[in-house]
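Numbering of the sequence shown is given in the numbering used here, commencing with residue 576 and proceeding in unit increments. Backbone N, C-alpha and C fix where the C-beta goes; we use that ideal spot for every residue, glycine too. Reviewing the structure listed below.
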Amino acid sequence: MQFYSTNGNSPHASLEEVVMTGLAPDGGLYMPERIPVIPRAFFNNIGEMSVSDIAYIVATTVLGDVIDPSELKQIVYDTFSFEIPLRKIDPDIYALELFHGPTLAFKDVGARFLARIISHFSRPSAGEVNVLVATSGDSGGAVAAGFHKVPGVKVFVLYPERGLSAVQRHQFTSLGDNVYPIEVMGTFDDCQRVVKEAFVDSKLREKMLITSANSINICRLLPQMFYYFYGYSQFLRKEESVPADGVVISVPCGNLGNLTAGLLAMRMGLPVKRFVVANNINAPFTRYLAGESFTPAPSVRTMACAMDVGNPSNFARINDLYHGDREAMCRQMRGHAYTDEEIAASMKDVYTRDGYVMDPHGATAYRALRDDLAPGEKGFFLATAHPSKFPKTVEKVTGVTYKNQVVKAITDVTSHHDVPRITPSLPALKKILLKTT
């Protein structure tokens, strides 16, 4: 498997090169040169398969010519030490709960898989690997947990000064060892921009080996395909009749990595009728699907903080996947955007009616799916984070209190005086990187 840059000005690269560098030399994002299709027979038995078995088949279809199948199987089975249940919410709507991993967020899948792939390619002679990640919410904790105490790896987590919940922040600021949090005086978009600038800084790369753990890195994004297939397999088990033209899947969107993974899964043969793009008020891609130009804008803080992204990186991958054909995109995607008040109303309504507690991101995806489904259609939405990660918001909206003492201890943490605070600039980041390494 070879990979090319979305900017088209870099040579094709191997899996090892894209994993260990993150971003292409021309500043583009890597994409697989071909998207293999899974044999149709796979779907005849998918309803009886475990998430690990499904993930292994999908992984070998994509990466089996690069990594030995037995080692790839071990990587996959080590990644999935937790279940991903599909729960019925409405007669025609299910929630795919992606928050049963170590950090209670969907990014545990991609981060754990990527950590093991980087360990596979790491060589002591090449020196330490320095992993940079910008987080708008859950990436920081998932990546930090995935790489914590991994020999030969240092992790630098850049996060915006405002927006993250106390739980999200504590998950990576409290670890120490080889995890280095950095607070940026700006937004997530500022964090992401600085990380990208670091990757294309040739002088910095001469001094240290750096790679990304954001969905910038294609190997953080590819494993997110696994749970789309598993969600579909559970859907087959639970539903007596499945629409012939496929299910509708709603995705809470920020940097568009999760959506891109779903689109790749569909290209591989997953029966999806369409994707629903669920946004808060930071919605440049939803506006693009509605006919406007794609215009990045400064992000605005909302209760669904992981979606507070004004310039989503993975738009470049989606645009490349569709060769810039917006009409083709609109045939397979529809977008919806909601205010905090509308998101909160959905959280409250579902809890009052069904007793089901959602975090703001899952609630956004639920509402978008509910508004988008036509009569006779069925689907599921991605519940990307456990509601206990947003205890204050959940209690305010639904009255549900999380009394778990670990959660209470985390939410009580308000001071992070030992975390360096920098301006959103490459020189400021380089100073910390070079001093630490």
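TODO: Determine the burial state of Ala872: buried for a count of at least 16 other Cβ atoms within 10 Å of its Cβ, exposed for fewer.
DONE: Classification for Ala872: exposed.
Open item on the list: I'd like to check one pair, Thr968 with Met908: are the Cβ atoms closer than 8 Å?
Closed with: Going by beta carbons, Met908 and Thr968 fall outside the 8 Å limit.
Open item on the list: On a Cα-Cα basis, can you pick out the residue from Val847, Ala773, His898 and Gly937 that is closest to Ile1007?
Closed with: The option with the nearest alpha carbon to Ile1007 is Ala773.
Task: Whole-angstrom C-beta distance between Gly954 and Ser825, which should lie under 8 Å - done: Sure, about 7 Å apart at Cβ, within 8 Å.
Task: Assigned exposure category for Ala881 - 16 Cβ within 10 Å defines buried - done: Counting Cβ neighbours within 10 Å, Ala881 comes out buried, since at least 16 surround it.
- [ ] In the DSSP assignment, find the unbroken beta strand (DSSP E) run with Gln577 in it and report its ends.
- [x] Membership of Gln577 in the beta strand (DSSP E) is indicated by the continuous run Gln577 to Ser580.
Task: Thr748 to Gly821 span [Cα, whole Å] - done: Approximately 42 Å between the Cα atoms of the pair.
Open item on the list: Taking the beta carbon of Leu1009 as the centre, do at least 16 other beta carbons fall within 10 Å, making it buried, or is it exposed?
Closed with: Exposed, by the Cβ-count rule.
TODO: Would you list the one or two residues that DSSP bridges to Pro735?
DONE: DSSP output for Pro735 lists Val759 as bridge partner(s).
- [ ] Check each candidate in Gly761, Ala709, Gly702 and Ala690 and name the one with the smallest Cα separation from Val725.
- [x] For Val725, the closest alpha carbon among the candidates Gly761, Ala709, Gly702 and Ala690 is that of Ala690.
Task: the stretch 756–764 contacting the stretch 779–795, beta-carbon criterion three pairs below 8 Å - done: At 8 Å Cβ cutoff, the stretches do not touch.
Task: According to DSSP, residues forming a beta bridge with Ser888 - done: Its beta-bridge partners do not exist; DSSP assigns none.
Open item on the list: Given this structure, state the Cα-to-Cα distance separating His936 from Phe956, to the nearest angstrom.
Closed with: The straight-line gap from Cα to Cα measures roughly 10 Å.
Task: The alpha helix (DSSP H) enclosing Thr835, as first and last residue numbers - done: From DSSP, the alpha helix (DSSP H) with Thr835 extends over Gly832 to Arg842.
Open item on the list: Here's the rule: buried if 16 or more other CB atoms are within 10 angstroms of the residue's CB, otherwise exposed. What is Ala949?
Closed with: Counting the other Cβ atoms within 10 Å of the Cβ of Ala949 gives fewer than 16, which makes it exposed.
Task: Phe696 - containing alpha helix (DSSP H), residue span - done: Segment Lys682 to Phe696, the alpha helix (DSSP H) holding Phe696.
Task: Close-in-space but distant-in-sequence residues of the same chain around Val994 (CB under 8 Å, 5 per side omitted) - done: Residues of the same chain with a CB within less than 8 Å of the CB of Val994, apart from the 5 flanking positions on each side, are Thr748, Pro756, Ile757 and Glu758 in chain order.
Open item on the list: By DSSP's criteria, Leu784 is part of a beta bridge. Which residues make up the other side?
Closed with: Looking at the DSSP assignment, Leu784 forms a beta bridge with Val704.
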